[in-house]
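All remarks here apply to the structure that follows.
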Amino acid sequence: MPIIRSKSQPHQTLKEFYTENSDKAINNVIGPKMLKWIDRLNSELPDLEIWGLTSLYRLVLMSTETFEGE
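Position 56 of the sequence shown, counted from 1, bears residue number 56 in my numbering, the numbering being contiguous throughout.
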């Protein structure tokens, strides 16, 4: 199962988050690397359920859909 954006941040997917604002210098470095890492994790652990929250371009991996455990 691919990494899924937490329902606590439903406004866009993780891939959309890391590709938006591609004209900004920080996304020119961080965005492509995070997308590559997400794709690799998805391909190497296809059966693992992982949810993600973003915080200032960082990706927080979680075992539940929300950080509150809802």
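Quick reminder that beta carbons are idealized off the backbone N, C-alpha and C, glycines included.
Can you check whether the CB of residue j is closer than 8 Å to the CB of residue i?
| i | j | result |
| --- | --- | --- |
| Leu45 | Gly52 | no |
| Lys15 | Leu41 | no |
| Lys7 | Thr66 | yes |
| Ile38 | Tyr57 | no |
So, helix, strand or coil for residue i, using DSSP?
| i | result |
| --- | --- |
| Thr54 | strand |
| Leu48 | coil |
| Ile38 | helix |
| Ile30 | helix |
Terminal residues of the continuous alpha helix (DSSP H) containing residue i?
| i | result |
| --- | --- |
| Phe67 | Unbroken run through Phe67: none, as it is neither H nor E. |
| Lys15 | Leu14 to Thr19 |
From the DSSP output, read off the bridge partner residues of residue i.
| i | result |
| --- | --- |
| Ile4 | Trp51 |
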